[in-house]
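To keep things clear, I will list the structure first and then write my remarks on it.
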Amino acid sequence: MTRSSSFFTIAIGICPIYSVLESRAFVQYWNPAYSCFTFGRVDLVPTVEEYTTLLHSPKIQADKAYSRAANVLAFLKKLMSITGMSEQWVAARIKLKGDSKCIPWKNLRDLILAHPDIKKRVDVFALSIYGLVVFPKALGHIDKAISDLFDRLDKRVTPVLAILAKNFRSLNAYRRVGEGRFIGCKTTLWIVILHNLQEEDVEWRAHWMISNKILYRCGDFNWVPLLGIWGAVGYGPLLVLRQGSRQFIPVTQGLAQCEFSYKGDNYKKKVQEILNAWNQTYIMKRFTVRLMTTLEYNWWWGKRVNDNIPVLSQEMLGQ
């Protein structure tokens, strides 16, 4: 995946996903304890394999998984390389938003319209898509963290894991601050539909899925740790094994505690542990079975606590 050739599939593939994830009706069903959506008695989650297929990304390889470089080239130098503009031009346009440096979209938009180098126009447009749509942070600005990932796309580093990490961490944050409780006709209708979702209502595997393999753990982790551009989070594909195989009881201990931000003194050690774990990945083949879940799984699911499931009030049902 190159910078200039991938931004169309990124934009087309991610925008519909974000429009769903940012809908409050869906966010309300996000289960931060297990990093998945829980609709009724059904767990669902976007998977690495689904995102890889949707974004036409290269197969996930340990040495191509994104991790923020220890010695990151200065934001100024990266922008000079991507835009082809002088140090003076770039330095005059870098702003500070909160605790992070960024560049305003309006400055990049002017470059897209007027830059004499067509390839640079495309690169700047692609960078803008990543900063405004895929990894938004400060409204109308492209954060410096995006430039590090973007700069490495030409080296076939896949953005899939970083995108998943961003989505999961955003959903967790949204749930932690108590959002997701709302009133409205359309969203209430979605709540009623999702609350009553049954196993037989779910198409467990998308027809466009090509891969018949599932990445399910890395190293000593019983799940898949994802490194994003601002932090890391745990992802448990074995929770939703029905999306590709037969569901059994997954190991989830410590999954919720795996999340951390790239701040403070200890995060670099945690990042290195995850990088080491990615040197030993475990993959299983999908297979189709008539009975989608084991009896033990059904018992386990019934006993676990799912505090994200909304209670349908008479007011919400319109009664």
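Note that UniProt numbering numbers the sequence shown so that position 202 is 202, with each residue one more than the last.
Every residue gets a Cβ at the ideal spot worked out from N, C-alpha and C, and that includes glycine.
Only a predicted model underlies this, so the values are computations on that prediction, with no experimental measurement involved.
Item                                                                                                            : Value
Cutoff 7 Å; reference PRO225; Cβ partners in own chain excluding five residues on either side                   : CYS218, ALA232, GLY234, CYS258, ILE274, ALA277
ARG41, DSSP secondary structure in three states                                                                 : coil
Pair within 8 Å by beta-carbon distance, LEU161 and ILE142                                                      : no
Reference ASN172; option with closest CA among ASN266, LEU238, ALA256, SER100                                   : ALA256
Residues bridged to ARG217 [DSSP beta-bridge criterion]                                                         : TYR282
Start and end residues, beta strand (DSSP E) containing LEU227                                                  : 224 to 227
PRO116 burial status per 10 Å Cβ neighbour count (16 or more: buried)                                           : exposed
N-terminal and C-terminal residue of the alpha helix (DSSP H) that TYR51 is part of                             : 48 to 54
Exposure label - VAL251; buried when at least 16 CB within 10 Å                                                 : exposed
Expected contact under 8 Å - CB spacing of GLY99 and LEU239 to nearest Å                                        : With the sequence shown as reference, residue 99 is identified as Asp, and Gly is not the correct amino acid for it. Incorrect: roughly 34 Å between the Cβ atoms, too far for contact.
Whole-number beta carbon distance between PHE75 and LYS144, since they are thought to touch under 8 Å           : 4 Å
Contact check, THR83 vs LYS120, beta carbons under 8 Å                                                          : yes
Which of helix, strand or coil DSSP assigns to TYR66                                                            : coil
Other residues of its chain near TRP105: CB distance less than 8 Å, five sequence neighbours each side excluded : SER128, GLY131, LEU132, GLY140, HIS141, ILE142
Enclosing alpha helix (DSSP H) for LEU96 [first to last residue]                                                : Run containing LEU96: none in the alpha helix (DSSP H); it sits in the beta strand (DSSP E), 95 to 97.
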